[in-house]
Each structure stands twice: as structure tokens, then as C-alpha cells.
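For reference, the structure discussed in these notes is given below.
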Amino acid sequence: MTKPVDKTLKVSPEFFPLTEVATRFVNQLAQCRRLGFEVKEASEHHVLIELPYSQDIIGDPDTGVIHGGVITTLIDTGCGCAVVCAILDKFESLELSPTLDLRVDYMRPAEPNKAVYVFAECYRLTSSVAFTRAIAYQDSIDRPVAHAVGSFMRISPEMIGEDFRQALMGNLPKEQQ
Amino acid sequence: MNEQANASGVHDIVQRAIATNDYSYLLEKVPYSQFIGMSVERFGDEMVFKLPAKDDNIGNPILPAIHGGVIAGFMEMSAIVQLMVFMQAKQVPKIVDFSIDYLRAGLHQDSFAECKITRQGRRVANVSINCWQSNRKQLIATARAHFLLE
């Protein structure tokens with residue numbers, strides 16, 4: 594399956610085989626479908642997700658700037674997804690880790706009519722906690738819209754139902770299972 | 002009233018909400034608060050914000066539970082409204098940082114929030130926000146935020 598080349602953002606989903614699982618994970622979350630999140634890349638080290646601009650999520654009607662809460666949702670999803678990918682790679686198990694805490698610093702308002710991206714990393718994984726950090730940006734990661742750190746609690750893989758496991762892992766190419 | 006609310010427009014909207022004791026009017030002006038479906042009720046000096054159970058707000062489909070980001074957005078918007086009403090704001094406060102601790106899963110049911118303006122200076126305000134569901138003493142999340150006022 595070939596995807597059209599994105600000219601505004603250089604991504605290489607083919608180079609990062611966890612992109613498919615990450616896409617499926619994000620699509621399982623109703624709020625993320627509603628917001629139109631799209632996973633651009635995912636690896637054991639990082640996740641890159643796009644949030645398209647929409648009138649529905651404006652926080653300041655005077656300027657058309659999107660609400661901080663949407664940025665928080667994007668970051669929480671990015672970090673959570675990075676944890677899923679890191680655990681999948683390191684322990685070959687599928688776990689859904691709830692957020693313990695999240696701290697977001699808003700550097701500048703997101704420009705209206707433009708997508709926002711989040712680059713999230715799980716930079717430390719222990720037996721019970723996953724530590725993450727993320728940057729939300731538009732044109733360049735060097736001009737962040739927001740910067741965040743968050744920690745996630747690891748829970749037993751048995752907490753995941755068979756339906757959810759199938760939705761994420763079913764019919765994947767061999768090398769990605 | 003001017004549809005495209007400018008600085009004084011915001012003030013008018015806040016004044017009108019206070020005068021009529023109808024704060025839904027304030028929330029209607031912000032598309033995101035409609036998007037998540039939140040509402041507010043004022044009881045004297047106290048304001049309680051409500052986020053009704055809504056399928057689109059679900060994050061974890063297994064429990065099911067509300068997306069953590071939606072809870073955060075709901076709490077952030079609650080703090081903004083609280084500040085605007087109690088400061089009689091002339092403009093919308095700008096978020097500087099937001100820090101949230103999740104204490105319990107936010108189940109697929111109605112959620113409520115209350116805010117406390119911990120400190121309000123000339124330029125910046127510190128607000129703490131608590132969120133609960135069926136029992137006010139069993140918080141599902143607690144948060145703290147800074148806003149620029151000028």
C-alpha cells in the first residue's frame with residue numbers, strides 16, 4: 594500500500610514498522626478519531642502524530658486559536674502511544690498504561706488553519722513506570738507550541754481484552770508481530 | 002452585541018452572564034467547550050462545572066474511560082471561566098502551564114469540576130482545579146495551572 598507523499602512534513606512510516614500498530618491504537622480511541630489524529634511515524638523510540646485544524650476545537654473565538662485542552666489531548670495520546678510502542682518492542686507485550694501525571698508548558702499559541710504535530714518519546718521504562726516527554730509544534734520542532742513531560746503507570750497485559758488485542762495485532766505482517 | 006467579540010466584547014459577555022446568572026452563554030462562545038459538551042452552574046460564590054458522559058470523549062475503550070486529555074481540557078476551560086467571572090475579565094486569560102495528576106480512571110459517566118484561584122497577581126494567576134464523578138471526596142484528577150491576565 595503506497596501513501597501519497599506529504600510535502601509539508603518529511604516522514605518515513607515505511608522505515609518505522611510500528612507505525613501500523615500505533616495507527617490502530619490511536620484509531621481505537623473515540624476522542625482521537627473525532628479529532629482526526631493521524632499517526633505519521635512510530636518506532637520503539639518515538640511517535641509522531643498530526644492534529645488537523647478544525648473550527649470545532651477553537652478555544653479563542655476572536656483569534657481562531659485552538660484550545661489548550663486539544664494540545665493536551667494530542668500530547669497525552671502521543672506519550673501514551675510512545676509507551677505502548679516502547680513496551681511492545683522491549684517486552685513483546687501489549688500493555689495499555691494509564692497516565693499518572695502530565696505537565697504541559699505552552700510556549701506560544703498554535704497558528705490557526707494549520708496542523709499541529711506532536712513528537713513524543715518514552716525515554717525511560719522501568720518495571721512499573723514509563724517516563725515520557727513530548728514537543729508539540731507546527732512548522733518546525735525548533736519553534737515549539739508546547740513542551741511536556743508525563744509519567745505512565747504500567748499495568749498487567751491481562752487487563753487488555755482479546756478484542757482490543759485483535760484490533761491492534763490481528764493480521765499484521767509477520768515481522769511486526 | 003458585536004458577534005466578533007473584541008476586548009470589550011469579552012467584558013460585555015462576562016457582565017451579561019453574571020447579570021443573568023446564565024453562564025452557558027459564556028461557554029457557547031467557545032467552540033471547544035461545545036465540542037466536549039461541558040456546562041456550568043453557579044451557586045452563590047461557588048461555580049460547579051459539568052462534563053456529561055459523551056461517547057466521543059472516550060479514550061480507553063476497554064473500561065471504558067474518558068480520554069485523559071478531555072479531562073484536562075475540561076479542567077483547563079473550567080479554570081478559564083472561573084477566572085473570567087471572578088475577575089470580571091476584559092479578555093480571555095492565556096494559559097502558561099498546566100499540570101495534572103490523574104488519581105482514578107474517569108469512567109464513562111458525568112464528571113464535575115471546581116476551581117480555586119490560589120493566588121491572583123497583577124499579571125499572573127495560579128488556579129487549582131479538582132475533578133470528581135460520583136463522590137466529591139473521591140477525586141479522579143487534580144490540576145494546577147498558571148494564566149497570564151494581561
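Read top to bottom, the protein sequences are chains A and B. Just remember that my numbering sits 593 ahead of the position in the first sequence, which is counted from 1. Just remember that my numbering sits 1 ahead of the position in the second sequence, which is counted from 1. For every residue, glycine included, the Cβ atom is placed at its ideal position computed from N, Cα and C. All values derive from a computational prediction rather than experimental measurement.
Next item on the list: Name, please, each residue of chain B whose Cβ falls closer than 8 Å to the Cβ of Arg630 of chain A.
Entry: Numbered from 1 along the first sequence, position 37 holds the residue referred to as residue 630 of chain A. Per the sequence presented here, residue 630 of chain A reads as Phe, with Arg not at that position. Neighbours of Phe630 of chain A on chain B: none; closest Cβ ~10 Å, over 8 Å.
* In whole angstroms, what separates the C-alpha of Leu765 of chain A from that of Ala635 of chain A? -> Here residue 765 of chain A refers to the residue found at position 172 when the first sequence is read from its first residue. Here residue 635 of chain A refers to the residue found at position 42 when the first sequence is read from its first residue. Taking the straight line from one Cα to the other gives about 15 Å.
Check your understanding: Would Lys30 of chain B count as contacting chain A if we go by Cβ distances under 8 Å?
Key -> The count along the second sequence starts at 1 and reaches residue 30 of chain B at position 29. With 8 Å as the cut-off, Lys30 of chain B counts as an interface residue toward chain A.
Worksheet item: Going by Cα to Cα distance, which pick from B:Gln110, B:Val15, B:Val82 is closest to Ser129 of chain B?
Response: Taking the second sequence and counting its residues from 1, one reaches residue 129 of chain B at position 128. Here the closest residue by C-alpha is B:Val82.
Assuming Tyr33 of chain B and His660 of chain A make a contact with CB atoms under 8 Å, what is their CB distance in whole Å?
-> Within the second sequence, the letter at position 32 stands for residue 33 of chain B. Within the first sequence, the letter at position 67 stands for residue 660 of chain A. About 4 Å; that satisfies the 8 Å criterion.
| chain A residues whose Cβ lies nearer than 8 Å to that of Glu77 of chain B | Here residue 77 of chain B refers to the residue found at position 76 when the second sequence is read from its first residue. Result: His660, Gly661, Gly662, Thr665.
Legend entry - Where the beta strand (DSSP E) through Ala703 of chain A begins and ends: Working through the first sequence from its first residue, we reach residue 703 of chain A at position 110. It is not in any beta strand (DSSP E) - Ala703 of chain A carries neither H nor E in the DSSP assignment.
>> Please list, in chain order, the chain B residues whose beta carbon lies closer than 7 Å to that of Gly652 of chain A.
In response: Locating residue 652 of chain A in the first sequence gives position 59, counting from the first residue. Chain B residues near Gly652 of chain A: Val31, Tyr33.
| field | Check whether Phe50 of chain B and Phe113 of chain B have beta carbons under 8 Å apart | value | Indexing the second sequence from 1 puts residue 50 of chain B at position 49. Indexing the second sequence from 1 puts residue 113 of chain B at position 112. Between Phe50 of chain B and Phe113 of chain B, the gap from beta carbon to beta carbon is short of 8 Å.
query: When DSSP builds the beta bridges, which residues end up paired with His639 of chain A?
result: Here residue 639 of chain A refers to the residue found at position 46 when the first sequence is read from its first residue. Its beta-bridge partners are A:Glu714.
Let me see if you follow: with CB-CB separation under 8 Å, is Asn3 of chain B close to chain A or not? The count along the second sequence starts at 1 and reaches residue 3 of chain B at position 2. Below a pLDDT of 50, predicted positions are generally treated as unreliable, and Asn3 of chain B, at 41, falls in that range; the measurement from the model is reported next regardless. Against chain A, the CB of Asn3 of chain B has no partner CB under 8 Å away; the residue lies outside that interface.
Starting from Phe757 of chain A, find everything on chain B with Cβ-Cβ shorter than 8 Å and list it in chain order. Here residue 757 of chain A is taken as the residue at index 164 of the first sequence, counted from 1. Residues of chain B passing the Cβ test: Pro62, Ile63.
Beta-carbon neighbours of His12 of chain B, restricted to chain A and to distances below 9 Å: For the purposes of this step, residue 12 of chain B is taken as residue 11 along the second sequence, with counting starting at 1. Under the 9 Å cutoff, chain A gives no residues; its nearest Cβ is about 13 Å from His12 of chain B.
Got a sec: which bits of the segment 674-705 of chain A sit with their beta carbon under 9 Å from any beta carbon on chain B, in order along the chain? In summary, the residues of the segment 674-705 of chain A whose CB is separated from some CB of chain B by less than 9 Å are Leu689, Pro691, Thr692, Leu693, Asp694, Leu695, Arg696, Val697, Asp698, Tyr699, Pro702, in the order they occur in the chain.
If you measure from the beta carbon of Ile118 of chain B to each beta carbon in chain A, is any gap under 8 Å?
Residue numbering aside, residue 118 of chain B sits at position 117 when the second sequence is read from its first letter. With 8 Å as the cut-off, Ile118 of chain B does not count as an interface residue toward chain A.
Using a Cβ-Cβ cut-off of less than 7 Å, give me the residues of the segment 100-111 of chain B that come near chain A, in sequence order.
-> Hits within the stretch, in order: Ser100, Ile101, Asp102, Tyr103, Ala106.
TODO: Quick one: residues in its chain with C-beta nearer than 8 Å to the C-beta of Pro696 of chain A, no 5 flanking neighbours on either side, listed in chain order?
DONE: The count along the first sequence starts at 1 and reaches residue 696 of chain A at position 103. Here the sequence assigns Arg to residue 696 of chain A, which means Pro is not the residue at that position. Counting only Cβ-Cβ distances below 8 Å, and skipping sequence neighbours, we find Ala741, Val742, Gly743.
**Report entry** Simplified DSSP state of Leu64 of chain B, which is helix, strand or coil
**Finding:** Translated into the one-based positions of the second sequence, residue 64 of chain B becomes position 63. Three-state DSSP puts Leu64 of chain B in coil, outside helix and strand.
For Ala73 of chain B and chain A, any beta-carbon pair shorter than 8 Å?
-> As a working note, residue 73 of chain B is residue 72 in the second sequence. Interface residue, yes.
Just the chain B side, please: which residues come within less than 7 Å of Arg627 of chain A by C-beta, in chain order?
By one-based count along the first sequence, residue 627 of chain A stands at place 34. Those within 7 Å of Arg627 of chain A in chain B are Asp57.
Please return the same chain residues whose Cβ sits closer than 6 Å to the Cβ of Asn7 of chain B, not counting the five positions on each side in sequence.
By one-based count along the second sequence, residue 7 of chain B stands at place 6. The predicted model places Asn7 of chain B with a pLDDT of 49, which falls under 50 and marks its position as unreliable; any figure quoted below should be read in that light. So no residue of the chain qualifies.
Take Met76 of chain B and list the residues in its own chain whose beta-carbon comes closer than 6 Å to its own, dropping the five residues that flank it on each side. In the second sequence, counting from the first residue as 1, residue 76 of chain B sits at position 75. Counting only Cβ-Cβ distances below 6 Å, and skipping sequence neighbours, we find Ala114, Ile130, Cys132, Ala144.
Discussion item. Less than 8 Å between CB atoms is the rule here; does Ala727 of chain A satisfy it with respect to chain B?
Written reply: Position 134 of the first sequence holds residue 727 of chain A. No, Ala727 of chain A lies away from the interface with chain B (no Cβ there is under 8 Å from its Cβ).
Point to revise | Option nearest Gln110 of chain B by Cα separation, candidates B:Lys117, B:Asn136, B:Phe99 | key: The residue you call residue 110 of chain B lines up with position 109 of the second sequence. Checked all of B:Lys117, B:Asn136, B:Phe99; the closest Cα to Gln110 of chain B is B:Asn136.
On the CB-based measure, 16 or more other CB atoms within 10 Å of its CB, does Pro691 of chain A come out buried or exposed?
Counted from its first residue, the first sequence places residue 691 of chain A at position 98. Its Cβ being crowded by 16 or more others within 10 Å, Pro691 of chain A is buried.
Check: Helix, strand or coil: which one does DSSP assign to Ile734 of chain A?
Finding: Against the first sequence, residue 734 of chain A aligns to sequence position 141. Of the three classes helix, strand and coil, the one that applies to Ile734 of chain A here is coil, per DSSP.
- Query: Considering only C-alpha positions, which residue in the set A:Ile642, A:Glu637, A:Cys672 is nearest to Ser686 of chain A?
  - Reply: Counting from one through the first sequence, the residue named residue 686 of chain A turns up at place 93. Of A:Ile642, A:Glu637, A:Cys672, the residue nearest in Cα terms is A:Glu637.
- Query: Looking at C-beta atoms only, is the number of pairs between the segment 80-98 of chain B and the segment 40-49 of chain B that lie closer than 8 Å three or more?
  - Reply: Verdict: yes, contact present.
Does DSSP classify Arg120 of chain B as helix, strand or coil? Along the second sequence, read from residue 1 onward, the residue named residue 120 of chain B stands at position 119. Strand at Arg120 of chain B.
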